[in-house]
Amino acid sequence: MEVVPLASADEVAALGADVVEAAVRAGGAVLGLATGSTPLPTYRELIRRYDAGLGPSYDGVRCFTLDEYVGLPAGHPESYRATIARELTDPLGIPADRVQGPSPELAGLPTAGARYEEALVAAGGVDVQILGIGSDGHLAFNEPGSSLASLTRLKTLTEETRRDNARFFGSIDEVPRHVLTQGLGTILRARHLLLLATGAAKAAALAAAVEGPVSASCPASVLQLHPHVTVLCDGPAETGLTRRDHYREVYDAKPAWQGL
Ligand code: F6R
């Protein structure tokens, strides 16, 4: 795992955009997309570069979202399908049929997870998976206690996560209780995991994920089992990391040829 402590959320966004663009330039990329607030500056940076003619072509790129709420009316603006189209894929000109998420239709719920796993395998797997971290250490919507080997399935959100996400809905009562989420085992299959963490509210969870024991009690600690993880964090998010000076030394001394 490579932890890159950066000065600001803007630097996290710029480096995050570099990683995504490098995968897209390599050709035929399959991108794994997170929603929530954390990746938005990275998405805006990708769009800014694309609009300025500085970004790569997104022709041929395929996208898979991490998770989806269950129980929202089709097309609800806070569904992750609508959110990712609005915040990233539409502005980059990626057509809707190249963007997939777990299907929350009630009739198909019992098989939705298995069907999503099949779609991910059929696409050849995810090249770069963008991730955020919950204040309780959740990864995608794998709440504490989730199996480290889990695959896409229906889950119930904790009260803490519903409270955190109420800002998108107006009140906690409007935040769905159920979600479909890639499992921790699903996430581990992606070839490169890119965790973005910004703000003091993420400091404790980030420290537990990166430096604590690997445990279902902190789902994001499963990242320690993956061979290629990059963590981009800003000053407030890094404060709980006991080895942060070393991470900075490593990054400052990084050979130019090595990349992230
Ligand atoms: C979103 C997701 C979640 C968020 C996490 C952090 O697709 O899977 O795990 O990454 O809840 O959310 P923010 O970034 O809003 O703090």
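Residue numbers for the sequence shown follow the working numbering, beginning at 842 and rising by one.
Idealized CB from N, CA, C, for every residue including glycine.
The structure displayed is predicted, hence computed values, not measured ones.
Of all C-beta pairs linking the stretch 1057-1065 to the stretch 981-991, three or more are shorter than 8 Å, placing the two stretches in contact. Between H917 and the set Y957, C904, E958, E946, the nearest pair of CA atoms involves E946. For A1031, the CB stays at least 7 Å from every heavy atom of the ligand F6R. If you draw a 10 Å sphere on the C-beta of E862, you find 16 or more other C-beta atoms in it, and that means buried. Taken in chain order, the unbroken stretches of beta strand (DSSP E) that lie wholly in the stretch 1009-1033 and span 3 residues or more are 1019-1022.
Remark: C-beta atoms of R890 and R939 do not approach each other more closely than 8 Å.
Counting of Cβ neighbours within 10 angstroms places K1043 among the buried residues, the total reaching 16 or more.
Under the DSSP assignment, G873 falls outside any alpha helix (DSSP H), being part of the beta strand (DSSP E) whose first and last residues are 871-874. In this structure, A1046 lies near I974, with their beta-carbon atoms less than 8 Å apart.
Our two residues, A937 and L929, have alpha carbons roughly 11 Å apart in a direct line. The criterion of a C-beta distance shorter than 8 Å is not satisfied by P1068 and A1041.
The Cβ neighbour count for Q1099, taken over all protein chains shown within 10 Å, is under 16; the residue is labelled exposed. Runs of the alpha helix (DSSP H) lying entirely within the stretch 912-982, each at least 4 residues long, are 921-925, 950-963 in chain order. Counting only runs that start and end inside the stretch 1035-1079, the alpha helix (DSSP H) elements of at least 4 residues fall at 1044-1052, 1076-1079. G949 sits exposed, since fewer than 16 C-beta atoms from the chains shown fall within 10 Å of its C-beta. Taking the Cβ of I974 as the reference point, at least one heavy atom of the ligand F6R falls within a distance shorter than 7 Å.
Residue state for R1089 is assigned as helix, using DSSP reduced to three classes.
A direct Cα-to-Cα measurement between S878 and P1096 gives close to 32 Å.
Judged by their CB atoms, V1072 and A1049 are not nearer to each other than the 8 Å cut-off. Between the C-alpha atoms of L1036 and I971 there is a straight-line separation of about 6 Å. When the beta-carbon positions are compared, A875 and L913 stay at least 8 Å from each other.
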